[in-house]
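**Q** The structure's right below; bear with me while I get my questions together.
In this note's numbering, the protein residues as written are 450 to 1018.
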């Protein structure tokens, strides 16, 4: 690590952010880097086909004999998942006041209800770790916000005060809630910026002290073993009245500065941006390859779900065919479900309005909810769908659980096969259905997909023969097959193939050394189909990696809601 090279990289960024205050900030960043550099662990420097992440809460599984972090680790081992998963994304495991962890009270402490830093380190002995850096906002119960309320420096500069008479109609909103929240302080009533809720107070990144705090937290997480740092809600980071306050140049500059710091101090660590927005806005966080190492593939979840519900994969195929490869040294994180709902902003410009309306109705018919955002004209429009992905693929009358399992696993097999790194939400791994009771208990639609278990409850749900057991068995087999295929390397080439029926999707994957080719096929319809593999690819199917005992014919038959991974001769 070269401190001089780091200074040269970040000095112009700090100048663009802070002008005349940049010089002092630069020296403090370099001092911070010098303090952490000797403490940061060595790590693997590249991703490969064996990288599969699990998204989970630290207290996802509880048992009487161990803290939740240890209890979940034991479950993963007992379920035979240790050799299959490379990475655990621990959703925020810090003391918090709301939003299941995303209203952080103290960034540097582990919530004692889930364990402690040694328990996190024990998990890191088996898996690579991903932590959330919740940097847009902080809990109103945090020491920082208490200092603001009491009028103590530097905390009076940590938050954004706005006169409620100001016009904020141009600000892009992800919620249908007030943007400003009145707070009683030692200086009287102040109105502070709250993008997401009145318990999540936005931080003021126009103040260098805030940036320095967050760079310290970033390096603290790398010191504690994180390989991937997820930059939560990063799109809204910097605010300037009179602008949309989303994707501002200053926000991109902060991400680039963090990239500089990570690349110099912790080569191999990965910055992942979370921006639930239309695709072109989302991938802007790659920059020119100098910003995020990885971005979420947000359009995948709604497009794949809609294809499986409608039986028509044409929109999904068209979108995949139009994807450009990420810049060198960058990749995408593919997922279908997470702690949040299925975002629908990524569908803007991709789905006709009448088809979108049918999609929303299909999700609601399966017990889902539609959450909204506030528009500039004061109206509300859909922002995300709140539903368990497994329940989203059920029959509304719940008459055929076997078909539900089949359709669900077919979609997950597509996600696992796409170019990029796959991430599996815990509830997808075990096929958790909608938690309607959780929604009633909390009054929050997102609780439908955030259920937590005792080990006893989880074992009972996964009893032999249950739909959930069949999902877990199917997932285990798919991941075991996936991590053995060089063609599924995140950097392996991907090419969509044209198929004659709208219910069919096909794409090829080629290993970076070009020694393995796999044709991935999906029948999203409810009727059998046949695909002429040799005519499409110029090669015969050698084996179906999802059915290794079989001998694939050509034309290859696809049952309804079946995915195949055909290794080509």
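Idealized CB from N, CA, C, for every residue including glycine.
As the structure is a computational prediction, the values presented were derived from the model and not from experiment.
1) So, helix, strand or coil for residue 818, using DSSP?
2) Return the bridge partner residues of residue 588 from the DSSP annotation.
3) Which first and last residues belong to the beta strand (DSSP E) in which residue 835 is found?
4) On the DSSP bridge assignment, give the partners of residue 946 in chain order.
5) For residue 454, which residues from the same chain have a beta carbon less than 8 Å from its beta carbon, with the 5 sequence-adjacent residues on both sides left out?
6) Between residue 884 and the rest of its own chain, which residues show a CB-CB distance below 8 Å, the 5 nearest in sequence each way excluded?
7) Please state whether DSSP places residue 874 in a helix, a strand or coil.
8) If you run the structure through DSSP and keep just helix, strand and coil, what is residue 689?
9) Use the C-beta contact count for residue 615: other C-beta atoms within 10 angstroms, 16 or more gives buried, fewer gives exposed.
10) According to DSSP, is residue 783 part of a helix, a strand, or is it coil?
11) Taking the straight line between their C-alpha atoms, what separation do you get for residue 891 and residue 479?
12) Tell me whether residue 965 sits in a helix, a strand or coil according to DSSP, three-state version.
13) Taking the alpha carbon of residue 537 as the reference point, which residue from 502, 755, 513, 694 has its own alpha carbon closest?
14) How about the region 515-525 and the region 568-585: do they share at least three Cβ pairs that are nearer than 8 Å?
15) So what does residue 543 bridge to, in DSSP terms?
16) Based on DSSP bridge pairs, tell me the residues matched to residue 694.
17) Secondary structure at residue 581, three-state DSSP: helix, strand or coil?
18) State the start and end residues of the unbroken beta strand (DSSP E) segment that holds residue 637.
19) Can you tell me where the alpha helix (DSSP H) with residue 918 in it begins and where it stops?
20) What are the start and end residues of the alpha helix (DSSP H) that includes residue 861?
21) Over what stretch of residues does the alpha helix (DSSP H) that includes residue 522 continue unbroken?
22) Kindly indicate which three-state DSSP category residue 496 falls into: helix, strand or coil?
23) For residue 641 and residue 722, what's the separation of their Cα atoms in angstroms?
24) For the beta strand (DSSP E) containing residue 504, list its first residue and its last residue.
25) Between the C-alpha atoms of residue 582 and residue 667, what's the straight-line distance to the nearest angstrom?
26) Please state whether the Cβ-Cβ distance between residue 748 and residue 799 is less than 8 Å.
27) Identify which residue in 789, 840, 874 has its Cα closest to the Cα of residue 832.
28) Near residue 863, what residues of its chain come up, given a Cβ to Cβ distance below 8 Å and the 5 sequence neighbours on each side ignored?
29) In three-state terms, what does DSSP make of residue 883?
30) Applying the 10 Å Cβ sphere with the 16-neighbour rule, what's the burial state of residue 999?
31) From which residue to which residue does the beta strand (DSSP E) around residue 839 run?
32) For the region 927-941 against the region 866-873, are there 3 or more C-beta pairs whose distance is under 8 Å?
33) Helix, strand or coil: which one does DSSP assign to residue 735?
34) Please tell me whether residue 965 and residue 916 are closer than 8 Å, where the distance is taken between their beta carbons.
35) If the criterion is Cβ atoms closer than 8 Å, does the pair residue 796 and residue 784 meet it?
**A** Considering the structure as presented:
1) strand
2) 649
3) 829-835
4) 955
5) 713
6) 837, 896, 897, 898, 899, 900
7) strand
8) coil
9) exposed
10) strand
11) 44 Å
12) coil
13) 502
14) yes
15) Per DSSP, none; premise fails for residue 543.
16) DSSP, once it has assigned bridges, lists no residue as partnering residue 694.
17) strand
18) 637-642
19) 916-931
20) 850-866
21) 517-527
22) coil
23) 25 Å
24) 502-505
25) 7 Å
26) yes
27) 789
28) 753, 954, 969, 971, 1012
29) coil
30) exposed
31) Residue 839 -> not in any beta strand (DSSP E); alpha helix (DSSP H) instead, spanning 838-841.
32) yes
33) helix
34) no
35) no
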